Each structure stands twice: as structure tokens, then as C-alpha cells.
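S.K.: A single structure is presented below for examination.
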Amino acid sequence: MSETTSSTPPQLFPVTVPLGHSVTSWWIGIVLSILGSVGTNLGVNLQKLAINQRLMLAPSQRRRLSHTPLWLLGLFVFLSSNVTGFFSYRYAAQSVLAGLSSLQFLSHVLFARFILKEPTDMNAYYGTALIISGCFFVVWFGKHDSRAYDMEDLIVLFGKSPFVCYCFTIAFISVIASTMYTQLKQKIARRHGVAKFEPTLASQREGQLLAVLYALSSSVWGTFSVVLAKGCSMLLAQVISSFPGALMCYETYFILLGLTAAALYWMNRLNHALKLFDVSYAFPMMQIGWILFSLLAGGIYYEEFLQWNRRDVGFFGIGICLLFVGVVLICPAAKKDHRTLAQIFYENLVNEVIRPPPAYSQNVLTTDHLSASSSSSVAEADNHPSHVGKNLYRPLQNDVIG
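Take the sequence shown: its position 195, counting from 1, is numbered 195 in full-length UniProt numbering, and each next residue is one higher.
Here it is as C-alpha cells:
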């Protein structure tokens with residue numbers, strides 16, 4: 001009798017079992033991400049509206065912002081929206097959520113137009129259309145299902161070859177960009193015969209190149225905060241379901257420490273970029289680098305690119321390109337503003353240095369008032385209602401948080 005042979009071919013390579021378990025409720029992450037991005041900008045604009053309304057009152061009638069219901073509502077919306085965005089990483093792929101983060105620019109334009117009554121140029125509308133189109137491509141062709149990992153899985157993912165290669169690659173990119181940035185600054189300083197580089201010495205093209213190199217060297221490391229935030233959201237869900245859970249693992253605190261360090265590093269670099277360079281090209285470059293490297297880091301670390309085919313990669317790439325162009329168009333062209341984000345936040349919420357509503361400024365300001373305001377200090381203008389006007393405002397081009 002002949003032996004019965006199996007029709008199943010032998011396995012030439014071992015089957016790789018993916019880590020973690022599948023999370024099919026990806027649409028929850030999409031909804032939470034959209035609510036977080038839109039809510040963050042809504043909260044900021046409500047706070048700005050409360051400050052504008054307060055400036056329209058006489059100094060004797062102005063209450064502290066902490067006693068203003070509208071400002072408190074804006075603060076609540078801002079904080080709760082950030083928490084909502086944090087939990088979105090638990091359900092959806094980071095590569096998709098990174099693209100959706102560009103919705104903050106779209107919502108900022110809409111809220112500034114309809115809540116603060118600020119003028120909007122045509123480039124902002126074109127950028128809005130491109131961002132909406134890009135988000136459609138990103139969500140439709142991106143990886144929908146995500147995976148949830150426990151502490152052991154997260155540690156294993158850090159040591160996998162693709163992510164290790166990615167870390168070496170971005171380290172090489174960071175070193176090259178930082179070296180070119182330093183050499184270009186030294187070249188500009190030598191050309192002008194000065195010992196220390198000053199941003200005003202660079203030409204427009206040199207300033208743009210410096211901004212690109214600076215954004216490149218910053219975003220490759222700053223986006224680790226997104227990778228670690230997604231891991232922390234998973235660990236938090238485990239702690240809630242089975243307390244104390246991950247709190248008993250010392251690796252959890254290393255991840256929290258890394259998240260804090262990466263977030264502080266990014267905020268410091270972003271503040272420094274807005275202080276050094278023209279915000280009209282520095283801020284878009286920083287945000288483009290943030291979106292690009294956050295989706296690359298998340299896609300590689302969480303193995304979100306493994307099941308993609310050429311069609312998915314192509315259309316997802318088209319969506320990302322549309323987002324990048326939309327971000328560039330939607331960011332307003334502006335003159336240099338040498339304040340940091342921390343200074344802007346302080347001026348908005350403490351000193352209340354902000355633009356009055358257009359109708360108010362047109363009714364109050366006259367030529368005499370403007371000339372008087374330009375020669376008086378902010379403190380004097382606050383004590384004299386007739387001087388409330390242009391001198392109280394320094395353009396807030398970079399009031400995007402995130």
C-alpha cells in the first residue's frame with residue numbers, strides 16, 4: 001500500500017505571530033482624535049474671545065479671567081480635549097492619527113473666522129480644502145485596525161530590528177542636519193565679520209534653509225513623545241481594568257520619563273524655532289516634520305506598515321502630501337515674532353495683550369489715539385481707556401498648541 005502524503009506544503013519559514021491583540025474599534029480612535037483636535041482649538045479660541053470681551057469693558061468693570069465663565073469654559077474644553085486626544089491612541093493606528101492631527105489647522109481657521117471674526121485670506125481656504133482631501137485619503141487608505149500591547153510586548157517592540165534600524169537612521173539624519181545647521185550659521189557669521197550668529201544676518205533663503213534643518217533635527221526626536229503616549233494609553237487602560245497592573249512594573253516609569261523628556265524637548269525646540277526664524281515658514285516646517293516622523297515612528301514601532309500593499313502606500317502618500325501643502329497654505333505669512341510660545345501664553349492669559357475685535361478697534365481708534373498709543377507703554381494704555389488700541393496687540397501667528 002502506498003503511504004498517504006499530505007497535500008499541505010512544508011513550512012519553509014516560521015510563522016511570525018504578531019504581538020498583542022487586535023482592537024477592531026478603530027473608528028472610536030478616529031472620532032476621539034477629531035474631537036481632540038477640534039476641541040483643543042475651540043478651547044483656545046473661547047479663551048481669546050473672553051479676553052477680547054473683557055478688553056471692551058472699562059478697567060473698573062473688568063473681572064479676573066479666572067472669574068470669567070467663558071474663559072473657564074474654554075480652559076475646560078482645552079484640557080478635556082487633550083485628554084480625549086490621548087485616549088484616541090488606544091484604539092486607532094498612530095500612522096492615521098498623525099495625519100488627522102492636521103485638523104487642528106482647519107479648526108483654527110474656522111473658529112478664528114466665525115468666533116473671533118478675524119479675516120481669512122484665500123490661501124487659507126485652499127489649504128482647508130487640501131487638508132480635508134488629505135485626511136480622506138489618510139483615513140480611507142490607512143491601516144484601520146490597531147493592536148493593544150501589554151508591558152512585555154512594548155519592551156519586545158523596542159528591540160525589534162525595524163525599529164532599531166529606524167532609530168539609527170534618524171540619529172544619522174539628526175547628526176547631519178545639526179552639523180549642516182551649525183556650519184551654515186558659522187558661515188553667515190564669518191561673512192559679516194561677527195563672532196556670534198544672529199538671525200537677522202541671514203538672507204531669506206538662508207533663513208528658510210536654517211529653519212528646515214532645525215525642524216528636521218528636532219522632529220526626529222520630538223515625535224517619540226507620540227510613540228510613548230500611545231504606549232502609556234494602553235498601559236493606563238490595563239491599570240484601570242486590573243489595578244495595579246502595569247504600575248508594578250518599573251518599565252512603566254521609564255516610559256513615563258521618556259514621554260516627559262520627549263515632550264519637553266519638542267516644546268523647547270518649537271519655542272526656540274519660533275524665536276529664531278520667521279514664523280511663516282518655521283512653524284509649517286516644524287509641523288510637517290512632526291506629522292511625517294510621528295507617523296513613521298508609530299508605523300514602524302507598532303508594526304502598522306506590515307499589511308500594507310502598494311495601493312495603500314501610494315494613496316496614503318498622496319494624502320500626506322496634500323496635508324503638507326495644506327499646512328503650508330493655511331499658515332499665514334507673517335513678519336518675525338521673537339516671542340516664545342511661553343511668552344505668548346503669558347501675555348494672553350496674564351497681561352491680556354491681544355487684538356481687540358475689529359468692530360471695537362474701528363469704533364474706538366482714531367489717528368490721534370494710534371499716535372498716542374505708539375508712544376505710551378502698555379501699562380499706561382491700560383490705565384487710560386482712550387489709549388486702548390493697536391499698541392495692546394502683538395500678532396498671534398503661532399498660537400497653535402500641540
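Built from N, CA and C at the ideal position, the CB exists for glycine as well.
In this text the structure is predicted, and so the values were computed from the model without any measurement.
Spatial neighbours of A215 within its chain, please: C-beta separation below 6 Å, excluding the five flanking residues on both sides.
M.R.: Position 215 of the sequence shown, counted from the first residue, corresponds to residue 215. Only M285, M286 and G289 meet the Cβ criterion.
S.K.: Whole angstroms is fine: what's the gap from A246's alpha carbon to V175's?
M.R.: As a position in the sequence shown, residue 246 is number 246, starting the count at 1. As a position in the sequence shown, residue 175 is number 175, starting the count at 1. About 35 Å.
S.K.: Going by C-alpha to C-alpha distance, which of L257, K117, N45 and V194 sits closest to H108?
M.R.: Residue numbering aside, residue 108 sits at position 108 when the sequence shown is read from its first letter. The shortest C-alpha separation from H108 is found at N45.
S.K.: Under 7 Å Cβ to Cβ from I155, same chain only, skipping five residues before and after it: list those, please.
M.R.: What you label residue 155 is simply residue 155 of the sequence shown in a count that begins at 1. Within the same chain, I155 has close Cβ partners E251.
S.K.: For A273, report the span of its beta strand (DSSP E) as first-last.
M.R.: Counting from one through the sequence shown, the residue named residue 273 turns up at place 273. Taken as a continuous stretch (DSSP letters only), A273 belongs to no beta strand (DSSP E), being part of the alpha helix (DSSP H) at Y250 to L276.
S.K.: Between Q343 and L75, what straight-line distance do the alpha-carbon atoms span, to the nearest angstrom?
M.R.: To locate residue 343, count along the sequence shown from 1; it is residue 343. To locate residue 75, count along the sequence shown from 1; it is residue 75. Note that Q343 scores a pLDDT of 47, beneath 50, so its modelled location is shaky and nothing firm can be said.
S.K.: Quick check on the burial criterion: 16 or more other C-beta atoms within 10 angstroms. Buried or exposed for R205?
M.R.: On the sequence shown, position 205 is the one that residue 205 refers to. Under this definition R205 is an exposed residue.
S.K.: Buried or exposed, going by whether 16 or more other CB atoms sit within 10 Å of the CB of E198?
M.R.: Position 198 of the sequence shown holds residue 198. Burial call: exposed.
S.K.: What is the rounded straight-line gap between the Cα of L306 and the Cα of N52?
M.R.: Stepping through the sequence shown from its first residue, residue 306 is reached at position 306. Stepping through the sequence shown from its first residue, residue 52 is reached at position 52. So the two alpha carbons sit approximately 50 Å from each other.
S.K.: Under DSSP, the alpha helix (DSSP H) around S107 begins and ends at which residues?
M.R.: The residue labelled residue 107 in the question sits at position 107 within the sequence shown. Element bounds for S107: L103 to F114.
S.K.: Helix, strand or coil: how does DSSP classify S37 here?
M.R.: As a first step, residue 37 must be located in the sequence shown, where it is residue number 37. Residue state, collapsed to three classes: helix.
S.K.: Would the C-beta of V83 count as close to the ligand SAM, meaning under 7 Å from any of its heavy atoms?
M.R.: Of the ligands one can find in the structure shown there are none, so the ligand SAM has no counterpart to examine.
S.K.: From the DSSP output, in three-state form, read off A148 for me.
M.R.: In the sequence shown, the residue the question calls residue 148 occupies position 148. If DSSP states are grouped into helix, strand and coil, A148 belongs with the strands.
S.K.: Take C167 as the anchor and find which of G127, K117 and V220 has the nearest alpha-carbon.
M.R.: Taking the sequence shown and counting its residues from 1, one reaches residue 167 at position 167. Nearest C-alpha to C167: V220.
S.K.: Once DSSP output is grouped into helix, strand and coil, what is the label at H192?
M.R.: Here residue 192 refers to the residue found at position 192 when the sequence shown is read from its first residue. Looking at H192 - three-state DSSP - the assignment turns out to be coil, as it is neither helix nor strand.
S.K.: Could you check which residue in L57, M122, K275 and V226 has the C-alpha nearest to that of G299?
M.R.: Here residue 299 corresponds to residue number 299 of the sequence shown, with the count starting at 1. That would be V226, whose Cα lies nearest to the Cα of G299.
S.K.: Counting Cβ pairs, one atom from each stretch, are 3 or more of them under 8 Å apart for the stretch 300 to 319 and the stretch 234 to 242?
M.R.: These segments do not touch.
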